[in-house]
Amino acid sequence: MLLPAPVPGCARGTAALCEMNIRGRERWSPAQWSGPGALVDCAHRYIGYAFPMTEFREDPMRRSSVILLAVGIVLIVLGAVARFAVTPAVSKLPADTDIAIKYSGTAHTLLNAQALQQGQADKVFAKEVPITIDRTVTVLENHGNTAVVKDTSTMVAGQTKLPTARTFAVDRKTMEATAPPEGVTVEPASGIAIGFPIGADQDDHYTLWIPNLQAAVPVKFARTDTRHGRDVNVYTAAATGEVKDKETLASFPATLPKTTAAALLAALPAETAAKFGAASAALPDPIPLTYLFETTVETYADQRTGVTIDQHLVRTITAAVRAGDKTMPLTQVLSVEADITDDSQRAQADKAADSAKKLTLVSVVVPVILAVLGAILLVLAVIRRRPAVQEP
Numbered sequence: 000m001l002l003p004a005p006v007p008g009c010a011r012g013t014a015a016l017c018e019m020n021i022r023g024r025e026r027w028s029p030a031q032w033s034g035p036g037a038l039v040d041c042a043h044r045y046i047g048y049a050f051p052m053t054e055f056r057e058d059p060m061r062r063s064s065v066i067l068l069a070v071g072i073v074l075i076v077l078g079a080v081a082r083f084a085v086t087p088a089v090s091k092l093p094a095d096t097d098i099a100i101k102y103s104g105t106a107h108t109l110l111n112a113q114a115l116q117q118g119q120a121d122k123v124f125a126k127e128v129p130i131t132i133d134r135t136v137t138v139l140e141n142h143g144n145t146a147v148v149k150d151t152s153t154m155v156a157g158q159t160k161l162p163t164a165r166t167f168a169v170d171r172k173t174m175e176a177t178a179p180p181e182g183v184t185v186e187p188a189s190g191i192a193i194g195f196p197i198g199a200d201q202d203d204h205y206t207l208w209i210p211n212l213q214a215a216v217p218v219k220f221a222r223t224d225t226r227h228g229r230d231v232n233v234y235t236a237a238a239t240g241e242v243k244d245k246e247t248l249a250s251f252p253a254t255l256p257k258t259t260a261a262a263l264l265a266a267l268p269a270e271t272a273a274k275f276g277a278a279s280a281a282l283p284d285p286i287p288l289t290y291l292f293e294t295t296v297e298t299y300a301d302q303r304t305g306v307t308i309d310q311h312l313v314r315t316i317t318a319a320v321r322a323g324d325k326t327m328p329l330t331q332v333l334s335v336e337a338d339i340t341d342d343s344q345r346a347q348a349d350k351a352a353d354s355a356k357k358l359t360l361v362s363v364v365v366p367v368i369l370a371v372l373g374a375i376l377l378v379l380a381v382i383r384r385r386p387a388v389q390e391p
């Protein structure tokens, strides 16, 4: 509603303006129609009516409207904070990570070190032995975005046990090996050390740390798949080279006495035995051994959380000797193939589902609810910015 402008300098014009019943307010008496005070007071009322949110208006509804507006803005800001600040903060390796995974499979070849030392050629190698591998991944310490993680595994094949224990410093967001915190000793590493990150990329830019080779090798994104109701990314990696890991080397003989080697010849393929026999005369006694490693790894990582739900492992270690500038493979001392058991797959899938729900709650549900509530309050603030018109 537009109010008529008073005639400049005319007290009667001012009084005429204020004489109007402004939204049910009292009329002015003739005594209030003249003098400078009348003009100021009239302007005060005019502005309060035309601009109800200005400081001139003493509106009982104004305070509630402002409160609604302020709370609405706060809720929207909190929603943005939850989405863009809190979500990245929780999208990383949990500080209390303690995972147990079980594998089962077969040792196609397994060295019997005791039989080798005793020269029992017919018992040196066990074939097609069922195996289990128990692996645990535990966060020992957290230093901001860096976690100190212990990765242990024990392969059991009959009476033979092959334990390994490694400690890494990993970036909790990228899951790649990183520099350790000051004063903490870990295994030097690079690339993916224990598992894939949350929301892992479907490409080939990752590398996988191979402890036996003390090197990182390229990872290839192969395809997508499903495991126990979870969508997974399938990554593959393959590597060959000389074993450099001291813990692995300690599980096998470092040297081979020539008397033992003579007994071993009967267990070798004819071609290999002939080459070794011809070269052995020039070798020292005992004969130094080196070991060659070959592996393929196929990992099924949850698309949302990066949790490893399934994994197929193939590992082969071959004893070899150096003759001059050549390395002569002798025989496999370990050849295993294993997969995560079905029970462990289910447990890992359940963990992935729980983690995904928490991430969705923080990254989607909470921000949306806060934003919607904030928007509703803003609308209410606009609606309630003026009181209802009261008829005289």
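Counting in numbering that gives the first Met the number 0, the sequence shown runs from 0 upward without gaps.
The C-beta atom is built at its ideal place from N, Cα and C for all residues, glycine as well.
Each residue's CA atom was taken as its position, placing G194 and V365 some 28 Å apart.
For P366, there is no enclosing beta strand (DSSP E); the residue is found in the alpha helix (DSSP H) stretching over 365 to 382.
Going by DSSP, K257 is part of the alpha helix (DSSP H) stretching over 257 to 263. Burial is judged here by how many other beta carbons sit within 10 angstroms of a residue's own beta carbon; L139 has fewer than 16 and is exposed.
Looking at the DSSP output, Q310 bridges to T298. Burial is judged here by how many other beta carbons sit within 10 angstroms of a residue's own beta carbon; A106 has at least 16 and is buried.
As the crow flies, the alpha-carbon of L376 is around 22 Å from that of L360.
Here DSSP, grouped into helix, strand and coil, assigns Q347 to helix.
Taking 8 Å as the upper bound for CB-CB distance, G182 and A214 are not in contact here, some 27 Å apart. Using a Cβ distance threshold of 8 Å, V185 and T163 do not count as a contacting pair.
Our two residues, Q117 and Y102, have alpha carbons roughly 32 Å apart in a direct line. Only buried fits V231, as 16 or more other CB atoms lie within 10 angstroms of its CB. If you check the CB distance, S343 and I100 come in under 8 Å. Pairing V306 with V128, the inter-Cα distance amounts to about 29 Å. In this structure, L110 lies away from V313, with their beta-carbon atoms at least 8 Å apart. Taking 8 Å as the upper bound for CB-CB distance, A318 and T326 are not in contact here, some 11 Å apart. A176 counts as buried, since no fewer than 16 other beta carbons sit within 10 angstroms of its beta carbon.
Counting only the Cα atoms, L369 lies some 26 Å from A351.
Taking C-beta atoms as the reference points, D97 and T159 fail to come closer than 8 Å. With contacts defined by Cβ atoms closer than 8 Å, V218 and A236 form a contacting pair. Per the C-alpha coordinates, the member of T304, Y299, A322 positioned closest to H311 is Y299.
For Q116, there is no enclosing beta strand (DSSP E); the residue is found in the alpha helix (DSSP H) stretching over 112 to 116. Under a 10 Å Cβ-count criterion, D202 is classified as exposed, with fewer than 16 other Cβ atoms of the shown protein chains found around its own Cβ. The alpha carbon of A348 has as its nearest neighbour, out of G228, V169, A112, A69, the alpha carbon of G228.
In terms of Cα proximity to M154, the closest of V169, I130, A380 is I130. Closest by C-alpha distance to Y205, out of V363, F220, R226, is F220. Going by beta carbons, D301 and I339 fall outside the 8 Å limit. With a 10 Å radius around the Cβ and a threshold of 16 neighbouring Cβ atoms, A277 comes out exposed.
Secondary structure of E140 (DSSP, three-state): strand.
By alpha-carbon distance to M174, the top candidate from A262, K274, S152, A199 is A199. Annotated three-state conformation of R165 is strand, per DSSP.
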